[in-house]
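In my numbering, the protein residues as written are 11 to 138. Beta carbons are placed, not taken as given, at the ideal position from N, Cα and C, and that holds for glycine. A short worksheet on the structure shown next.
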Amino acid sequence: MFQFNLKYFLVFISIFIVEVCIALFIKDNFIRPYFGDYLVIFLVHFFCLSLIKADKNKIALAVLLFAFFVEIVQYFQVLSYFKLEKNKILRVVAGNTFSFEDLLIYTLAFFTIVIFNKKSVSDSKSTL
């Protein structure tokens with residue numbers, strides 16, 4: 011189950027660099043809030059793939075459910091409830107505000123991954 015995959019780890023690092031650049035240098039109303047959220051699903055997906063050998067779509071679904079869980083934590087302001095809202099690391103992980111748009115973006119990223127996985131499987135079968 012646990013198996014390091016350098017290829018996926020390098021993709022993860024690449025997406026991480028893009029995410030950091032978006033966070034540091036882009037202050038707009040589309041790329042940072044929407045494309046950044048879209049990419050974060052890929053970020054976590056490729057991080058998981060770099061460590062776990064499992065069905066790619068199952069990992070994608072687990073990542074989507076985790077993202078939904080984070081949004082639910084935001085909706086119910088769980089960090090405030092437990093008096094953890096001043097913890098910077100938890101605030102970065104959990105985010106600040108709930109958004110239905112985020113759920114839609116995460117779902118779009120999930121389906122993009124599933125379609126890409128399906129295409130890559132059919133492409134590999136056609137080359138055999």
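Among the options, nearest to residue i - alpha-carbon criterion
i	options	result
glutamine 84	Arg101, Phe26, Asp38	Arg101
isoleucine 23	Leu89, Lys96, Phe52, Asp133	Phe52
glycine 105	Ile123, Thr122, Asn15, Ile82	Ile82
cysteine 31	Tyr18, Gly46, Lys129	Gly46
serine 130	Cys58, Lys66, Tyr44, Leu34	Lys66
glutamate 111	Ile36, Phe40, Phe56	Phe40
valine 80	His55, Thr107, Glu29	Thr107
isoleucine 123	Val54, Lys93, Val28	Val54
Coil, strand or helix - residue i by DSSP
i	result
isoleucine 23	helix
isoleucine 41	helix
phenylalanine 86	coil
phenylalanine 121	helix
isoleucine 69	helix
phenylalanine 14	coil
isoleucine 36	coil
9 Å Cβ cutoff met for residue i and residue j
i	j	result
isoleucine 139	glutamine 13	With the chain covering only 11 through 138, there is no way to say anything about residue 139.
isoleucine 216	leucine 59	Nothing can be reported for residue 216: it is not among the residues displayed for the chain, which extend from 11 to 138.
phenylalanine 19	phenylalanine 56	yes
Could you tell me whether the segment 112-125 touches the segment 65-80, where touching means 3 or more Cβ pairs closer than 8 Å? Touching, per the Cβ criterion.
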